[in-house]
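Let me begin by presenting the structure, written as structure tokens, before commenting on it.
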Amino acid sequence: MSKTQDYISNRCAKDIEFATEIRKESLRLEMGLALLKHRENIGLSQQKFALLVGKPCSIIAKIESGAMNTSISLLNEIALASHSNFDIKFSRNRQ
1 MSKTQDYISN
11 RCAKDIEFAT
21 EIRKESLRLE
31 MGLALLKHRE
41 NIGLSQQKFA
51 LLVGKPCSII
61 AKIESGAMNT
71 SISLLNEIAL
81 ASHSNFDIKF
91 SRNRQ
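In full-length UniProt numbering, the protein residues as written are 1 to 95.
Now the structure itself:
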């Protein structure tokens, strides 16, 4: 584990608010990575993908980078416009 990972792990164990914020950020990054992989699997650039789904390229970039807190509604719109399914699943926290 890196020093950064050690710090985050130790701080999360001691500070519930910090742990909550880390989890939120992690979810934004996971959503962004999922969209990035989806776009790459389709074989489109951000610009072409944005045109396909009818959203500004800046929105696609923000989602993919984890800089935007994306709604389920927006992800569903993107999925429908790209002729894809959008699935949600719940899983137990690893403790």
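The beta carbon of each residue, even a glycine, is placed where N, CA and C say it ideally should be.
A quick note: this is a predicted structure, and the numbers were derived from the prediction, not measured.
- Unbroken alpha helix (DSSP H) runs of no fewer than 4 residues, entirely contained in the segment 32-61, are found at 46-53, following chain order.
- For Ile8, the enclosing alpha helix (DSSP H) has its first and last residue at 3-14.
- Under a 10 Å Cβ-count criterion, Ile42 is classified as exposed, with fewer than 16 other Cβ atoms of the shown protein chains found around its own Cβ.
- Ile59 and Ser65 have their C-alpha atoms some 10 Å from each other.
- Straight-line measurement puts the Cα of Ala34 at about 15 Å from the Cα of Ala50.
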